[in-house]
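Asks: Numbering (this note's numbering), first residue to last: 29 to 731.
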Amino acid sequence: MPDVTQSPTIASNPEIQRLRLAHEASTRLNASTDPVIVARELARLAAKACDCPAVVLRLDTENDRLLPVPDRELTGFSDEPILLDDFPNIADWFDGTARLLHAETVTPRSFSALIRAMGVPSAVAVPLTLTGSIPLIGAILLALDNVSQVKPLNGVIEVAAVALRNAIHHARVVEQLSAKTRELDLQRRIDRELNDKMKQDRIFELTVDWAMRVSLAHGATLALYDQNNDALRYALDLGYDVDPAKIDMLRHEVGSGIAHRVARSGHTEVIPDVSVDQDYIELNSAIKSHMSVPVMRDDVVIAVISVESRRLNAFSDDHVDMIEKLATRAGVAIDNTRLYADAVREREKYSLILGAISDLVLAIGPDERVIQINPAAMSALRLYADREYVGEPFGTVLEESPLHEAFKRIKAMGQPAIEEIRLADGHVYHANFTPHPQIGWIIVMHDINEFKQMDQMKSELVATVSHDLRQPLMVMTGYVDLLALNSSVDERGERYLKMLTRSIHTMRRLIEDLLDLAKIERGMQLNIEPVSAAKMIEECMENARPAADVKQMTLTHEIADDMPKIAGDANRLVQIFNNLIMNAIKYTPPEGKVRVWAEQHDNMLRIGVQDNGVGISPPDQARIFEVFYRVRNAENESIEGTGLGLAIVKRLVEAHKGQIGLESRIGQGSTFTVTLPIASAESAAAPVIDLTPTEGQTKSADL
Numbered sequence: 029m030p031d032v033t034q035s036p037t038i039a040s041n042p043e044i045q046r047l048r049l050a051h052e053a054s055t056r057l058n059a060s061t062d063p064v065i066v067a068r069e070l071a072r073l074a075a076k077a078c079d080c081p082a083v084v085l086r087l088d089t090e091n092d093r094l095l096p097v098p099d100r101e102l103t104g105f106s107d108e109p110i111l112l113d114d115f116p117n118i119a120d121w122f123d124g125t126a127r128l129l130h131a132e133t134v135t136p137r138s139f140s141a142l143i144r145a146m147g148v149p150s151a152v153a154v155p156l157t158l159t160g161s162i163p164l165i166g167a168i169l170l171a172l173d174n175v176s177q178v179k180p181l182n183g184v185i186e187v188a189a190v191a192l193r194n195a196i197h198h199a200r201v202v203e204q205l206s207a208k209t210r211e212l213d214l215q216r217r218i219d220r221e222l223n224d225k226m227k228q229d230r231i232f233e234l235t236v237d238w239a240m241r242v243s244l245a246h247g248a249t250l251a252l253y254d255q256n257n258d259a260l261r262y263a264l265d266l267g268y269d270v271d272p273a274k275i276d277m278l279r280h281e282v283g284s285g286i287a288h289r290v291a292r293s294g295h296t297e298v299i300p301d302v303s304v305d306q307d308y309i310e311l312n313s314a315i316k317s318h319m320s321v322p323v324m325r326d327d328v329v330i331a332v333i334s335v336e337s338r339r340l341n342a343f344s345d346d347h348v349d350m351i352e353k354l355a356t357r358a359g360v361a362i363d364n365t366r367l368y369a370d371a372v373r374e375r376e377k378y379s380l381i382l383g384a385i386s387d388l389v390l391a392i393g394p395d396e397r398v399i400q401i402n403p404a405a406m407s408a409l410r411l412y413a414d415r416e417y418v419g420e421p422f423g424t425v426l427e428e429s430p431l432h433e434a435f436k437r438i439k440a441m442g443q444p445a446i447e448e449i450r451l452a453d454g455h456v457y458h459a460n461f462t463p464h465p466q467i468g469w470i471i472v473m474h475d476i477n478e479f480k481q482m483d484q485m486k487s488e489l490v491a492t493v494s495h496d497l498r499q500p501l502m503v504m505t506g507y508v509d510l511l512a513l514n515s516s517v518d519e520r521g522e523r524y525l526k527m528l529t530r531s532i533h534t535m536r537r538l539i540e541d542l543l544d545l546a547k548i549e550r551g552m553q554l555n556i557e558p559v560s561a562a563k564m565i566e567e568c569m570e571n572a573r574p575a576a577d578v579k580q581m582t583l584t585h586e587i588a589d590d591m592p593k594i595a596g597d598a599n600r601l602v603q604i605f606n607n608l609i610m611n612a613i614k615y616t617p618p619e620g621k622v623r624v625w626a627e628q629h630d631n632m633l634r635i636g637v638q639d640n641g642v643g644i645s646p647p648d649q650a651r652i653f654e655v656f657y658r659v660r661n662a663e664n665e666s667i668e669g670t671g672l673g674l675a676i677v678k679r680l681v682e683a684h685k686g687q688i689g690l691e692s693r694i695g696q697g698s699t700f701t702v703t704l705p706i707a708s709a710e711s712a713a714a715p716v717i718d719l720t721p722t723e724g725q726t727k728s729a730d731l
């Protein structure tokens, strides 16, 4: 079979020739991503196809111009860029039509010079166009005198335009990435140098030095700004051959200049010609242009960086961008030096304060080494005053001490805790253990020996007096009841009897609360067993429903019957939630709502009592669980209460190894949440818990 590709008829077919040229163009032009190489390859292809010298002009998108790229050395060739703005009819090129250009008449002149350099009076220009935001990619200039002579390029134009467009775009992206890399490297160097120093004077020197380097300036200044007093204080001048005293005198006489104006406005100013700015202060007669950039911190101007040049209009947008980024970093560095200086002063004050207070203060690092120990702790723990314990293991310093034993136990829990500890000096201390993520553990101990003695006396007094008051109250109640049954009294007398009965009832409730509180503080036993939360809350709701009906309130609970059971004393749990629900009813206006809900979190059950009542203010929330504390305001002045209910609730919740919390807003109601452990096999096996307080017993921190 004959080889058809070698057939003379096929080889001379114009369409076959066009396809071959297009294939060759696609292969050669797409082999590189360098626009100069692509343009030269295109010039060689065009010169070969049309048998004449060719020059390719590629688009410079950054500067909106065409750049000539010759295929070979041309006598007198000029590579002068051809600005698109100089074309009187550049829009006519966007249709991609080839046109004959005469050197005598074509504009701009740089185009005319290029044609003459090709050694011909006229040439044919073939625009390389694509649809899209950039219609013109470049052009091919051929030393021909007839437009029809460029027909061999018909199959190459679109391929060439795409290849040149891709190469130009690739080069632009590479250049942008390279510039960004250089900028990031420069910024890293600036950050490293600025953040490596903690002395303010050194930060000023580095900032001014970098400002001059990145802007190619001949002089630079940094001034600190006090916004409160609108005062500008010049900290450093660099690059001026003028005595600093003369500069200060000049500024004192003339003013603070452009920098002060920028400090007030908070906006960068570039002055291309300082001779036209009335606020400019001349430090050097050779200076022609000026730029001032504010240094901001938390949206407040703290300083101003000024750079000056001996050239007119010396500062470009890139210079402005670099100085503004430098100002951002300088603001952080200056603020860091201020904070460091403040920290040094605070540390000195802190050491003086620690040495003066009587509380015991210790700081233990995450590695259980001593970070800080104040003189009071040294004395109470019977440590040597002339020995430095910082850095030593805590266990070695206080080996077999009750404090070390408590620390190990609480650290294993990983939560803040409060514990009463008796040290070797015989005193009882209230020890607060607090974890800190950046320090480790902070231990603060307060001597409560006298308070413990007073508390014991108070408990004994309360228990004795409360018990002794019950008998007279019973007698009073009996005679009031007898008087109501056997005597005829008028309407006023009946009112007096009701008031007396209500007062006796209030006193009896107060005595019962006092006895309950004394019993908890002296120690009592809880009968721990699995308790159904739904049934327990239902019982409490029934107890509270008469009081709610009087105020026409809505009581609801959202506790499913299959909710896990609580490990607790059923009677005491009823006492807890009776108190919380009745409180919600008392402090909620008529027709209000009280809702009880429950949710499970791991091995704990969280029960909330929510109302839409008057709410509790933040100061009152902080003391709401204190003994005898009551919220006093106009809304609840008439509501009766002893101030003991919530204190008892809190102690009972903690006795059940639970926690109680409060969320409230004035006018929007309150939500008390009680978190209790879910019943397990261990709690069922050991149902009796003795709550008698013992020395060294750990308590959870107050919520």
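C-beta atoms are modelled at their ideal positions from N, C-alpha and C, and glycine is treated no differently.
Mind checking phenylalanine 343: buried by the 16 CB within 10 Å criterion, or exposed?
Replies: buried
Asks: Checking the sheet assignment: what are the DSSP bridge partners for serine 320?
Replies: Glu297 and Ser334
Asks: Assess, as a yes-or-no matter, whether the segment 345–364 is touched by the segment 375–394 under the definition of 3 or more beta carbon pairs within less than 8 angstroms.
Replies: no
Asks: Could you have a look at glycine 359 and say whether DSSP puts it in helix, strand or coil?
Replies: helix
Asks: Is histidine 130 buried or exposed, if buried means 16 or more other CB atoms sit within 10 Å of its CB?
Replies: Around the beta-carbon of histidine 130, fewer than 16 other beta-carbon atoms lie within 10 Å, marking it exposed.
Asks: Once DSSP output is grouped into helix, strand and coil, what is the label at alanine 153?
Replies: Taken through DSSP and simplified to helix, strand or coil, alanine 153 comes out as strand.
Asks: Quick check on DSSP: helix, strand or coil for alanine 675?
Replies: In the structure shown, alanine 675 sits in a helix (DSSP, three-state: H, G or I).
Asks: Kindly list the residues whose CB is nearer than 7 angstroms to the CB of alanine 291, restricted to its own chain and excluding five residues on each side of it in sequence; keep chain order.
Replies: Taken in chain order, the residues that qualify are Tyr253, Leu260, Pro322, Val329 and Val332.
Asks: Quick one: is the Cβ of isoleucine 275 within less than 7 angstroms of any heavy atom of the ligand SAM?
Replies: Absence of the ligand SAM is noted for the structure shown, with no ligands found whatsoever.
Asks: Among the candidates Met350, Gln306, His295 and Asp363, whose CA atom is the shortest distance from the CA of aspartate 326?
Replies: Asp363
Asks: In the DSSP assignment, what are the bridge partners of tryptophan 469?
Replies: Ile392 and Pro463
Asks: If you drop the 5 nearest sequence neighbours on each side, which residues of the same chain put their C-beta closer than 7 angstroms to that of cysteine 568?
Replies: Val602, Phe605, Asn606 and Ile609
Asks: For glutamate 519, count the other beta carbons within 10 Å of its own beta carbon; 16 or more makes it buried, fewer makes it exposed. Which is it?
Replies: In the assembly as shown, glutamate 519 is an exposed residue. Its beta-carbon has fewer than 16 other beta-carbons within 10 Å.
Asks: Using DSSP bridges, identify the partner residues of aspartate 265.
Replies: Thr249
Asks: Pairing CB atoms from the segment 525–537 with CB atoms from the segment 574–585, are three or more of them under 8 angstroms?
Replies: no
Asks: Return the bridge partner residues of lysine 621 from the DSSP annotation.
Replies: Answer is Thr582, bridged to lysine 621.
Asks: Suppose the cutoff is 6 angstroms on Cβ atoms and the five residues either side in sequence are ignored; what does the same chain contact list for glycine 124 look like?
Replies: Pro155 and Thr157
Asks: Pick helix, strand or coil for isoleucine 652, following the three-state DSSP scheme.
Replies: coil
Asks: I'd like to confirm the pairing. Which residues does DSSP put opposite serine 698 in its beta bridges?
Replies: Ser692
Asks: Taking the beta strand (DSSP E) that asparagine 555 belongs to, which residues open and close that run?
Replies: 553–555
Asks: Tell me which same chain residues have a C-beta within less than 6 angstroms of the C-beta of leucine 390, skipping the five on either side of it?
Replies: Ile401, Ala405 and Ile471
Asks: Let me know if histidine 347 comes out buried or exposed under the rule of 16 or more other beta-carbons within 10 Å of its beta-carbon.
Replies: buried
Asks: Which residues in the same chain have their Cβ closer than 6 angstroms to the Cβ of methionine 473, if we skip the five residues on either side of it in sequence?
Replies: Leu388, Tyr457 and Ala459
Asks: DSSP has methionine 527 in a bridge; who is on the other side?
Replies: In the DSSP output, where bridge partners are listed per residue, methionine 527 has none listed.
Asks: Could you compute how far the alpha carbon of valine 187 sits from the alpha carbon of arginine 193?
Replies: 10 angstroms
Asks: Please classify tyrosine 615: does DSSP put it in a helix, a strand, or coil?
Replies: The answer is coil: DSSP assigns tyrosine 615 none of H, G, I, E or B.
Asks: Are the segment 88–98 and the segment 177–187 touching, with three or more C-beta to C-beta distances below 8 angstroms?
Replies: no
Asks: Helix, strand or coil for alanine 314 per DSSP?
Replies: coil
Asks: At the level of alpha carbons, what is the spacing between leucine 426 and tyrosine 412?
Replies: 12 angstroms
Asks: Which of helix, strand or coil does DSSP assign to glutamine 687?
Replies: strand
Asks: Tell me the rounded alpha-carbon separation between glycine 423 and arginine 437.
Replies: 13 angstroms
Asks: Going by CA-CA distance only, name the one from Pro617, Ser698 and His629 that's closest to isoleucine 644.
Replies: Ser698
Asks: Around the C-beta of arginine 410, are 16 or more other C-beta atoms found within 10 angstroms, so that it is buried, or is it exposed?
Replies: When all chains shown are included, arginine 410 counts as exposed.
Asks: Is the beta carbon of aspartate 278 less than 8 angstroms from the beta carbon of isoleucine 309?
Replies: Rather than aspartate, the amino acid found at residue 278 in this sequence is leucine. Yes; because the gap between Cβ atoms is below 8 angstroms, this pair is in contact.
Asks: Have a look at histidine 246 and leucine 87 and give me their C-alpha separation to the nearest angstrom.
Replies: 36 angstroms
Asks: In this structure, what does DSSP give as the bridge partners for histidine 474?
Replies: His458
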